[in-house]
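Chemist: Please see the structure below; I have some questions.
There are 2 protein chains.
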Amino acid sequence: MAKDSIGVGLLGCGIVGSGAARHLLAEAEAVARAVGVPVEIRRVAVRNLAKKRDVDLDPSLFTHSVDDIVEADDIDVVVEVIGGIEPARTCILKALELGKPVVSANKELLSTLGQELFIKADEKGTDLLFEAAVCGGIPLIRPLKESLAGEGIKQIIGIVNGTTNFILTRMSESGMSFSEALAEAEALGYAEEDPTADIEGFDAAAKAAILASIAFRSRVVAGQVYREGISQVTHRDIEFAQRLGYTVKLVAIAEEIDGEIAVRVHPAMLPNAHPLSSVRDSFNAVFVEGASVGNLMFYGRGAGSDPTGSAVVGDIVAASRNLITGGRHLGCTCYFDKRVLPIDEMESQYYMLLSVADKPGVLAEVASTFGSHEISIRSVWQEGFGDEAQLVIVTHRGKEANLQATVDDLGVLDSVTKVVSVLRVEGEEE
Amino acid sequence: MAKDSIGVGLLGCGIVGSGAARHLLAEAEAVARAVGVPVEIRRVAVRNLAKKRDVDLDPSLFTHSVDDIVEADDIDVVVEVIGGIEPARTCILKALELGKPVVSANKELLSTLGQELFIKADEKGTDLLFEAAVCGGIPLIRPLKESLAGEGIKQIIGIVNGTTNFILTRMSESGMSFSEALAEAEALGYAEEDPTADIEGFDAAAKAAILASIAFRSRVVAGQVYREGISQVTHRDIEFAQRLGYTVKLVAIAEEIDGEIAVRVHPAMLPNAHPLSSVRDSFNAVFVEGASVGNLMFYGRGAGSDPTGSAVVGDIVAASRNLITGGRHLGCTCYFDKRVLPIDEMESQYYMLLSVADKPGVLAEVASTFGSHEISIRSVWQEGFGDEAQLVIVTHRGKEANLQATVDDLGVLDSVTKVVSVLRVEGEEE
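So the sequence lines, in the order shown, correspond to chains U and H.
Counting from 1, position 402 in the first sequence corresponds to residue 405 in the numbering used here; the numbering is continuous, with no gaps.
Counting from 1, position 268 in the second sequence corresponds to residue 271 in the numbering used here; the numbering is continuous, with no gaps.
As structure tokens, this is what we get:
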């Protein structure tokens, strides 16, 4: 029987859910035109019925019970915007089992236990869409999965966390320390009460896992992503970066190298001419290098109620259209089972700042330490003199294991007082 | 009957067609995985059978006859990469009439006579996809139409022509004149033998019409796009722009203002901090401002055999999947019939360079001329003195008709020797 309307049920009505609901109401006409029939919010499950929501919905739509949505006959599309593992996982599995398409913004769940959900969606021939899970309002998942369905993606480098990008922008442009910039991010509402997931790169790692899985068509889970946050980045690192023509960003990098996958999240120096270097404040951007298509970049708001809500609505439209036309979006694309490299086997360029003794022969000792581990030095110079003497070194690309061995050996040289800092350099054409 | 493979027929095998064919062969496995069955190139129609093609296809696949493709039972998806109006138009109409999905890269046809094609596709319930028609390899059409299906788009500003962006980049960075930069573009193969369509903005206007139609859900044809090319841009304009903190770009702008549409292509000064200002060489980028999603940007290669071929393959995958799953992509989205403004009614900021007499009262006269036409001056200063005296003026936003009247009146003032140049200023937050 042809449907004359589509019923949507929201699981959750927080920042993302209220944005999606607001937006679905505001653009009801455009949505109905695109889908072919009206799309109606029929029910919203929330924990606290008394809480004021940032959307004008009839109070009778709210319920405590997720089953009132997942199992209800009048709900055609289930929107999971609760976040976290449970009850989101159980709800999504149940909805898919009933053949209902699911729209989710849940990067934590998808990047850890996504496989069983995608298998279930494929088994039932229904959609599991998640544009809002990575970089909020930026259309990214569908272009990567569908527009680039026939493209061999070589590398993705992204600024995928707005909080850390805001902090690094403030540190770079206003000379703030990390803690001052974090305090400002908190005051502006850009940082969560517990900012650990953002600051330490867990949020970015979840997104990197999802992006890598799509790009290389092989599953990567969040726990396989090497991860360093930005709390160790000092103002001095940023100053040196600026003098060298670089900008410090927290990047998520996913590469395919000889059929194996390298995925990591860490602060890195990017050349100022790299398009990602000019991505400021809380903006996100993802740079994609394809074998045929060359370099692409997607830029926009990675978080916030309105942008993320907009992405959820785009997915609701897509899922609803398929219910009307009988089609289906591309399901799980993890066709292959590629090895995910441990950090030791990955390669990067490196920047290093050393406190050294100001005497003849130091540079030769340091250089030979790099050389003995097959890390080739690209440029080096001395800063200051006497007790303040420092060496600034930028290397060519080399293996992480070799760099680590170099750092260990430098640490025991008499002529090296301290390895002050090590940062990776990315996005440079060698 | 379920299909166990999809047959593709190419109409044309030039730069775009050979790229698509090469790419479909190279990524055959990924394409088959995404579609569910293999996708095969079964026939290629070309005018000259003897010509060497830049793809390794069995010579027996080539034919002179477009009907061997359009009407053949073993061709499921028709790919039109001939360009121009005929025979492309007739072939597409015939294929759609037979219920076959069509993939086209033909901006000239779609931006002029697109309506009848989209009506036919909707009537027959099949796909007419055209990602490659605008900005080559950048996924743009599908994100705008589908991911942003529920988004209220307010404005699009794009650098949508690589040839002119290359020329302006060379003029800005190497101090070349327009004709020197054009000669270099020609030598590098970035400019066509007759560069008029690029240089004079016709190519950009066709793309602007397509983008505006999708963004505002109302048809705009290429002839409705106000258009100025870059051949009048001088090195002096670029120098002044740089001193003022701007970069000169050929931009395509589409805005919705009070339910009416303004679309135009012209050189403009953009603030250096605007993301489009750092789009260099032959790259393209499109900046989108949505009511909910905020600012988005899509960046990449707008032309070339590989990037454009990649976009065609993405559409072939999409059309083929729908043949297998029974779905359909969003058809024509021109639901409304909004008025397209004539240039006189549009608004912009303006930069103006005047040669003036170096005597008291000149500035007052000039300023009162602006004021009398309700163009408000934002900044002004004098350059040089005596016979070389010049005024540099940047205005606030004002109507084009008023600016034109101002220019006319300035031209007859005794104190103004010459209105040396006028450029629009875009993308500035006032």
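Built from N, CA and C at the ideal position, the CB exists for glycine as well.
Because the structure is a prediction, the values reported are computed rather than measured.
Could you have a look at M179 (chain U) and say whether DSSP puts it in helix, strand or coil?
Modeler: Here residue 179 (chain U) refers to the residue found at position 176 of the first sequence. Here DSSP, grouped into helix, strand and coil, assigns M179 (chain U) to coil.
Chemist: Please return the same chain residues whose Cβ sits closer than 8 Å to the Cβ of R36 (chain U), not counting the five positions on each side in sequence.
Modeler: Start at 1 with the first residue of the first sequence, and residue 36 (chain U) comes out as number 33. The answer is none, since no qualifying residue turns up.
Chemist: List, in chain order, every chain C residue whose beta-carbon is nearer than 8 Å to that of P62 (chain U).
Modeler: The displayed structure is made up of protein chains U and H, and chain C is not among them.
Chemist: Just grab the DSSP bridge partners of K157 (chain H) for me.
Modeler: In the second sequence, counting from the first residue as 1, residue 157 (chain H) sits at position 154. DSSP, once it has assigned bridges, lists no residue as partnering K157 (chain H).
Chemist: Interface residues of chain H around N325 (chain U) at Cβ under 9 Å?
Modeler: Within the first sequence, numbered from 1, the residue matching residue 325 (chain U) stands at position 322. Those within 9 Å of N325 (chain U) in chain H are T328, G330.
Chemist: How many angstroms separate the CA atom of A184 (chain U) from the CA atom of I85 (chain U)?
Modeler: On the first sequence, residue 184 (chain U) is found 181 positions in, with the first residue counted as 1. On the first sequence, residue 85 (chain U) is found 82 positions in, with the first residue counted as 1. Looking at the two C-alpha atoms, the distance is approximately 29 Å.
Chemist: What do you reckon, are the CB atoms on V251 (chain H) and A244 (chain H) nearer than 8 Å?
Modeler: As a working note, residue 251 (chain H) is residue 248 in the second sequence. As a working note, residue 244 (chain H) is residue 241 in the second sequence. In this structure, A244 (chain H) lies closer than 8 Å to V251 (chain H) by Cβ.
Chemist: Pick from H:D390, H:Q407, H:Y354, H:P363: whose alpha carbon is nearest that of S382 (chain H)?
Modeler: Residue mapping note: residue 382 (chain H) aligns to position 379 of the second sequence, counting from 1. Checked all of H:D390, H:Q407, H:Y354, H:P363; the closest Cα to S382 (chain H) is H:Y354.
Chemist: May I ask you to report which of helix, strand or coil DSSP gives P270 (chain U)?
Modeler: Working through the first sequence from its first residue, we reach residue 270 (chain U) at position 267. Three-state DSSP puts P270 (chain U) in a strand.
Chemist: Taking 8 Å as the CB-CB cut-off, is S180 (chain U) touching chain H?
Modeler: The count along the first sequence starts at 1 and reaches residue 180 (chain U) at position 177. It does not: the Cβ of S180 (chain U) has no partner Cβ on chain H nearer than 8 Å.
Chemist: Report buried or exposed for Q235 (chain H), applying the criterion of at least 16 other Cβ atoms within 10 angstroms of its Cβ.
Modeler: Taking the second sequence and counting its residues from 1, one reaches residue 235 (chain H) at position 232. Q235 (chain H) is exposed by the Cβ-count criterion.
Chemist: Strictly under 8 Å for the Cβ-Cβ distance: is G17 (chain H) near chain U by that measure?
Modeler: Your numbering for residue 17 (chain H) matches position 14 in the second sequence. False, the Cβ-Cβ gap to chain U never drops below 8 Å.
Chemist: Decide if L52 (chain H) is buried, meaning its Cβ has at least 16 other Cβ atoms within 10 Å, or exposed.
Modeler: For the purposes of this step, residue 52 (chain H) is taken as the residue at position 49 of the second sequence. Label assigned to L52 (chain H): exposed.
Chemist: Buried or exposed for Y338 (chain H), going by 16 or more other Cβ atoms inside 10 Å?
Modeler: Taking the second sequence and counting its residues from 1, the one referred to as residue 338 (chain H) is at position 335. Under this definition Y338 (chain H) is an exposed residue.
Chemist: What are the uninterrupted segments assigned as beta strand (DSSP E) that are 3 or more residues long and contained completely in the region 98-172 of chain U, given in chain order?
Modeler: 105-107, 156-162
Chemist: V11 (chain U) by DSSP, collapsed to three states: which one?
Modeler: Taking the first residue of the first sequence as 1, we reach residue 11 (chain U) at position 8. Three-state DSSP puts V11 (chain U) in a strand.
Chemist: Sort U:A225, U:C335, U:R246, U:D57 by Cα distance to G307 (chain U) and report the nearest one.
Modeler: Within the first sequence, numbered from 1, the residue matching residue 307 (chain U) stands at position 304. Minimum Cα distance to G307 (chain U) is reached at U:D57.
Chemist: Quick check on DSSP: helix, strand or coil for G232 (chain U)?
Modeler: Mapped onto the first sequence, residue 232 (chain U) falls at position 229. Three-state DSSP puts G232 (chain U) in coil, outside helix and strand.
Chemist: Using the rule of at least 16 other Cβ atoms within 10 Å of the residue's Cβ for burial, across every protein chain shown, is A5 (chain H) buried or exposed?
Modeler: Stepping through the second sequence from its first residue, residue 5 (chain H) is reached at position 2. Exposed: under 16 other Cβ atoms inside 10 Å.
Chemist: For L151 (chain U) and G140 (chain H), what's the separation of their Cα atoms in angstroms?
Modeler: The count along the first sequence starts at 1 and reaches residue 151 (chain U) at position 148. The count along the second sequence starts at 1 and reaches residue 140 (chain H) at position 137. If I take the Cα positions, the gap works out to 9 Å.
Chemist: In whole angstroms, what is the alpha-carbon distance linking S182 (chain H) and Y249 (chain H)?
Modeler: On the second sequence, residue 182 (chain H) is found 179 positions in, with the first residue counted as 1. On the second sequence, residue 249 (chain H) is found 246 positions in, with the first residue counted as 1. Using only the alpha carbons, I get a separation of about 22 Å.
Chemist: Could you confirm whether any beta carbon from chain U is found closer than 8 Å to the beta carbon of A152 (chain H)?
Modeler: Sequence index remark: in the second sequence, residue 152 (chain H) carries index 149 (1-based). True, the Cβ-Cβ gap to chain U drops below 8 Å.
Chemist: With which residues is N287 (chain U) paired in a DSSP beta bridge?
Modeler: Position 284 of the first sequence, counting from 1, holds the residue named residue 287 (chain U). DSSP output for N287 (chain U) lists U:G303 as bridge partner(s).
Chemist: Does chain U have any CB closer than 8 Å to the CB of F121 (chain H)?
Modeler: The residue given as residue 121 (chain H) occupies position 118 in the second sequence. False, the Cβ-Cβ gap to chain U never drops below 8 Å.
Chemist: Can you pull the DSSP bridge partners for M355 (chain U)?
Modeler: Translated into positions along the first sequence, residue 355 (chain U) becomes position 352. M355 (chain U) has U:I396, U:V425 as its beta-bridge partners, per DSSP.
Chemist: May I have the straight-line CA-CA distance separating A322 (chain U) from P104 (chain U), to the nearest angstrom?
Modeler: Sequence index remark: in the first sequence, residue 322 (chain U) carries index 319 (1-based). Sequence index remark: in the first sequence, residue 104 (chain U) carries index 101 (1-based). Between A322 (chain U) and P104 (chain U), the C-alpha separation is close to 6 Å.
Chemist: Measure the alpha-carbon distance for V425 (chain H) versus W384 (chain U) and round it to whole angstroms.
Modeler: As a working mapping, residue 425 (chain H) is identified with position 422 in the second sequence. As a working mapping, residue 384 (chain U) is identified with position 381 in the first sequence. In a straight line, the C-alpha of V425 (chain H) is about 49 Å away from that of W384 (chain U).
Chemist: Using a Cβ-Cβ cut-off of 8 Å, state whether D309 (chain U) counts as contacting chain H.
Modeler: Reading the first sequence from its first residue, position 306 is the one you call residue 309 (chain U). Yes - at least one Cβ of chain H is within 8 Å of the one on D309 (chain U).
Chemist: So which residues on chain H does G155 (chain U) lean against when the C-beta distance must stay under 8 Å?
Modeler: The sequence position of residue 155 (chain U) within the first sequence is 152, counting from 1. Simply A29, E30, A33.
Chemist: Which bits of chain H does A306 (chain U) rub up against, with CB to CB less than 7 Å?
Modeler: In the first sequence, the residue the question calls residue 306 (chain U) occupies position 303. The contacting residues do not exist; A306 (chain U) stays about 11 Å from chain H at best.
Chemist: Report buried or exposed for R220 (chain U), applying the criterion of at least 16 other Cβ atoms within 10 angstroms of its Cβ.
Modeler: In the first sequence, counting from the first residue as 1, residue 220 (chain U) sits at position 217. R220 (chain U) comes out buried.
Chemist: Which first and last residues belong to the beta strand (DSSP E) in which Q385 (chain U) is found?
Modeler: Position 382 of the first sequence, counted from the first residue, corresponds to residue 385 (chain U). Residues 380-386.
Chemist: Between the C-alpha atoms of R45 (chain H) and L64 (chain H), what's the straight-line distance to the nearest angstrom?
Modeler: In the second sequence, counting from the first residue as 1, residue 45 (chain H) sits at position 42. In the second sequence, counting from the first residue as 1, residue 64 (chain H) sits at position 61. So the alpha carbons of these two residues sit roughly 6 Å apart.
Chemist: Which of helix, strand or coil does DSSP assign to T450 (chain H)?
Modeler: Because chain H here runs from 4 to 433, residue 450 (chain H) falls outside it and cannot be looked at.
Chemist: Going by C-alpha distance, which of U:E89, U:L131, U:G102 is nearest L112 (chain U)?
Modeler: Here residue 112 (chain U) refers to the residue found at position 109 when the first sequence is read from its first residue. Comparing Cα positions, the closest option is U:E89.
Chemist: Does F301 (chain U) come within less than 8 Å of chain H when only Cβ atoms are used?
Modeler: As a first step, residue 301 (chain U) is located in the first sequence; it is residue number 298 there, counting from the start. So yes, F301 (chain U) belongs to the interface.
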